[in-house]
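For reference, the structure is listed below as structure tokens.
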Amino acid sequence: MSLLVNNSERSFSASDLTGEAGLTAQRSERNALYLAPMEDVTDPAFRALCKRYGADRVYTEFVNADALVRDIASTTRKLTIHDAERPVAIQIYGREPEAMADAARIVEQAHPDFIDINFGCPVKKVAGKGAGAGLLRDVPKMLEIARAVVNAVHTPVTAKTRLGWDENDLHPRVNPLGLSQNYQLSTINSQPSTFIVDLAEALQDCGIQELAIHGRTRSQMYRGEADWTLIGEVKNNPRMHIPIIGNGDVCTPERARECFDRYGVDAIMVGRATFGNPWLFAEMKEYLSTPTTPTTPITLSSPSTLIPRSMAEKVAVLKEHVLASIAWCGNDERKGIIHSRRHFAASPVFKGLTDFKQTRIALLRADTKDEVFAIMDSIVNRYASQVDDEVLQNEIVNRYASLVDQNSRTLELQNSRIPEFS
Ligand SMILES: Cc1cc2nc3c(=O)[nH]c(=O)nc-3n(C[C@H](O)[C@H](O)[C@H](O)COP(=O)(O)O)c2cc1C
5 MSLLVNNSER SFSASDLTGE AGLTAQRSER NALYLAPMED VTDPAFRALC KRYGADRVYT
65 EFVNADALVR DIASTTRKLT IHDAERPVAI QIYGREPEAM ADAARIVEQA HPDFIDINFG
125 CPVKKVAGKG AGAGLLRDVP KMLEIARAVV NAVHTPVTAK TRLGWDENDL HPRVNPLGLS
185 QNYQLSTINS QPSTFIVDLA EALQDCGIQE LAIHGRTRSQ MYRGEADWTL IGEVKNNPRM
245 HIPIIGNGDV CTPERARECF DRYGVDAIMV GRATFGNPWL FAEMKEYLST PTTPTTPITL
305 SSPSTLIPRS MAEKVAVLKE HVLASIAWCG NDERKGIIHS RRHFAASPVF KGLTDFKQTR
365 IALLRADTKD EVFAIMDSIV NRYASQVDDE VLQNEIVNRY ASLVDQNSRT LELQNSRIPE
425 FS
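Take 5 as the starting number for the sequence shown in the numbering used here and just add one per residue.
Set out below in structure tokens:
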């Protein structure tokens with residue numbers, strides 16, 4: 005089977021974006037932050053930007069196993085990865101163990117750091133055909149696929165799944181996976197437990213080396229709030245020893261800290277909040293590594309980091325993304341702009357601006373690079389001072405709030421100690 009990924013022919017290089025000036029991602033064991041796999045979003049251009057701003061691991065969009073085996077060019081192109089973005093996982097999906105094993109062998113030729121199996125995609129065209137989250141209703145098949153892929157390759161195999169198929173899977177019961185006696189001997193506990201707790205153990209038994217869990221069921225699709233309590237239950241199961249990656253609705257540095265502290269996960273995977281916001285990883289890293297007491301002076305743009313702070317700096321990153329998308333789309337300007345539109349539509353840079361509706365419509369309609377850039381420049385001219393002032397004020401308020409909070413906690417502590425020493 006030939007692999008159509010020819011790096012010398014590519015028109016986009018990840019080192020264009022990561023470069024030496026980029027923040028080098030630290031492979032820390034604590035507080036690791038991963039870019040979630042997202043179809044049509046996590047292409048090499050976007051992965052490289054997220055990597056630059058500190059993502060500890062990036063994932064490709066999911067790749068269809070059958071199409072890989074059939075050597076479909078538009079699918080094999082999705083295996084394009086670059087050394088600068090490592091560690092990188094290539095994700096595959098499918099419904100037949102043999103085809104998944106064959107696909108994994110093909111993927112291995114692209115030398116990813118991980119091969120990830122998608123057991124969570126809820127959309128009809130995937131789950132309805134028995135792949136992705138569809139396998140949550142056929143756990144024996146899911147485990148067969150996991151074993152087949154693990155046995156087919158030397159690369160570490162990881163998986164990503166959901167809490168279960170529907171609401172029924174959220175409640176403890178005996179043998180929630182509905183496995184036969186043979187399986188029960190090895191993985192199933194006699195006490196009632198939840199579907200995801202048993203599933204995680206069963207996948208671990210198959211040789212899956214890390215498990216990402218999106219805190220929703222298939223029926224929820226993307227509705228409601230992600231439930232992290234069951235993710236925490238999996239992590240705290242004493243029989244689990246593989247890393248657990250929590251996923252779902254982590255949009256701010258504060259929420260990331262809360263999820264690490266409260267649920268003890270090994271890593272957090274961030275998806276939608278990165279749209280038009282790849283520097284979110286750097287903001288999260290900065291927050292997670294900052295002690296609660298502020299020690300640095302308050303300035304809007306700190307020269308010691310590469311995190312874009314001002315509106316102009318953030319817009320410059322978005323422009324860079326547009327250029328990289330155009331390059332990834334074979335230098336087709338219109339295609340590259342349409343491909344990156346989702347990012348300007350969702351970017352927090354353009355949120356909450358007064359009288360912005362018409363400009364927003366114009367930005368989302370523009371289909372040449374010059375037009376997009378001119379609109380972006382006009383936004384910066386019109387709004388930057390207002391936005392940057394607000395950012396600075398919020399930062400001051402937040403820092404003082406945590407300072408006051410910290411001082412009162414220190415005082416409380418000192419007061420509570422006085423009797424012991426008197
Ligand atoms: C546009 C889009 C495409 C997605 N594609 C994939 C995919 O290819 N593979 C996958 O495992 N999950 C996919 N997901 C799910 C995300 O990886 C993630 O689990 C989900 O968005 C919840 O995380 P979040 O709340 O941080 O966005 C996709 C989600 C979105 C919004």
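In this text, a Cβ means the ideal position worked out from N, Cα and C, and glycines have one as well.
If you draw a straight line from the Cα of ALA277 to the Cα of VAL254, it comes to about 7 Å. Taking 7 Å as the cut-off, one finds no heavy atom of ligand 1 near enough to the beta carbon of HIS325.
The alpha-carbon of THR233 is positioned some 23 Å away from that of TYR291. A straight-line Cα-Cα distance of about 36 Å links ALA370 and ARG222. Going by beta carbons, GLU148 and PRO180 fall outside the 8 Å limit.
Assignment of ASP117 by DSSP, reduced to helix, strand and coil, places it in the coil class.
Comparing alpha-carbon positions, the option among TYR97, ARG261, LEU140 and TYR226 lying closest to ARG34 turns out to be ARG261. Of the residues assessed, GLY334 falls on the exposed side of the cut-off, its CB having fewer than 16 other CB atoms within 10 angstroms.
When distances are taken from the beta-carbon of MET288 to the heavy atoms of ligand 1, even the shortest one reaches 7 Å or more. Annotation: the continuous alpha helix (DSSP H) that includes THR79 extends over 77-80.
ASN385 and ALA378 have their C-alpha atoms spaced approximately 11 Å apart.
At a threshold of 7 Å, PRO41 counts as near ligand 1, since its beta carbon sits closer than that to one of the ligand's heavy atoms. Between ALA316 and ALA388, the gap from beta carbon to beta carbon is short of 8 Å. Within the stretch 189-267, the complete alpha helix (DSSP H) segments at least 4 residues long are 199-209, 233-240 and 257-267, listed from N- to C-terminus. Minimum Cα-Cα distance from ASP374 among the listed residues ARG364, ILE341 and HIS175 corresponds to ILE341.
DSSP places GLY168 in the strand class (E or B) of the three-state scheme. Going by beta carbons, ALA59 and TYR38 fall inside the 8 Å limit. Fully contained in the stretch 40-83 are the following beta strand (DSSP E) runs of length 3 or more, in chain order: 61-68. In terms of CA proximity to ILE311, ASN281 leads the group HIS325, TYR267, ASN281 and LYS323.
Linking SER184 to ILE272 through their CA atoms gives a straight-line distance of about 33 Å.
In this structure, VAL353 lies near LYS318, with their beta-carbon atoms less than 8 Å apart. The beta carbon of GLU112 sits closer than 6 Å to those of VAL157 and THR159, all from its chain and outside the five residues before and after it, given in chain order.
When the five nearest sequence neighbours on each side are left out, the beta carbons in the same chain lying within less than 6 Å of the beta carbon of ALA150 are those of LEU207, CYS210 and ILE212, in order along the chain.
In this structure, ASN122 keeps its C-beta atom at 8 Å or more from the C-beta atom of LYS82.
In the DSSP annotation of this structure, the continuous segment of the beta strand (DSSP E) that includes ALA271 starts and ends at 271-274.
Sequence-distant Cβ neighbours of ASP142 in its own chain, meaning closer than 8 Å and more than five residues away, are GLY134. Counting along the chain, the unbroken alpha helix (DSSP H) around ALA156 starts and ends at 143-156. When secondary structure is reduced to three states using DSSP, LEU174 falls in the helix class.
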